[in-house]
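First comes the structure, then the notes that go with it.
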Amino acid sequence: MNKILGIDPGLGHTGWGVISKQDNKISFIDCGVISSNPKENLALRLLTIKNGLQEVIQTYSPDQCAIEETFVNKNPLSSLKLGHARGAAILTCSLNGLNPYEYAATLVKKTIVGAGRAEKSQIAMMVKTLLPRAVIKSEDAADALAVAICHCQHSAINKLLATV
Numbered sequence: 002m003n004k005i006l007g008i009d010p011g012l013g014h015t016g017w018g019v020i021s022k023q024d025n026k027i028s029f030i031d032c033g034v035i036s037s038n039p040k041e042n043l044a045l046r047l048l049t050i051k052n053g054l055q056e057v058i059q060t061y062s063p064d065q066c067a068i069e070e071t072f073v074n075k076n077p078l079s080s081l082k083l084g085h086a087r088g089a090a091i092l093t094c095s096l097n098g099l100n101p102y103e104y105a106a107t108l109v110k111k112t113i114v115g116a117g118r119a120e121k122s123q124i125a126m127m128v129k130t131l132l133p134r135a136v137i138k139s140e141d142a143a144d145a146l147a148v149a150i151c152h153c154q155h156s157a158i159n160k161l162l163a164t165v
């Protein structure tokens, strides 16, 4: 059995989700959100993300980690903040021996919903369908679970292609 940690990075709210995969079956383990205080400075907010993910990794001991790639927003400052949060998440995974796999948001959406421009509510609905026992605490947590599911799908495809 493999445990996969999915991460949906954000400076205000970083979603995380842990699933297990055995053969072709995926199962829900847990999910949640790490929220930082917008009144704190950037360094403290990034430390909140790092500490929160550290706790998740220590609690669930994932075998693999997947994170959503940064997309360029219309607001460059928002993109920079997202990049900082992503960097904190990637560093935390790396410090814990996990090499994060990265997936574009459009690929995650297409894998889960079938359309690269799916709404957050559609993603949450499909994640709930794929993981019927999931107790999804927020859209950010649903997105993180979607990233983990996307990794399961694409890592299986890549293994098959490697044997050809």
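Each residue of the sequence shown is one higher than the last, beginning at 2 in this note's numbering. By construction, the Cβ of each residue, glycine as well, lies at the ideal position given by its N, Cα and C atoms.
Residue i versus residue j - alpha carbon distance
i: Asn74; j: Lys22; result: 33 Å
i: Gly33; j: Ala105; result: 21 Å
i: Leu88; j: Arg118; result: Position check: residue 88 holds Gly in this sequence, whereas Leu was assumed. Cα to Cα, the separation comes out at about 25 Å.
i: Ile124; j: Asn42; result: 32 Å
i: Leu131; j: Ala143; result: 11 Å
Proximal residues to residue i (C-beta, below 7 Å), its chain only, five neighbours per side dropped
i: Ser36; result: Gly13, His14
i: Gly11; result: Leu83, Ala86, Asp141
i: Glu103; result: Ile68, Glu70
i: Gly18; result: Gly7, Cys32, Ala142, Ala145, Leu146, Ala149
Test item: CB-CB of residue i and residue j under 8 Å
i: Lys4; j: Ile30; result: yes
i: Leu146; j: Ile20; result: yes
i: Val148; j: Gly7; result: yes
i: Ile1; j: Ile150; result: This structure cannot speak to residue 1, because the chain is shown only from 2 to 165.
Contacts around residue i, its chain only, beta-carbon distance under 8 Å, and the 5 residues preceding and following it disregarded
i: Cys153; result: Ile5, Ile20, Lys22, Ile27
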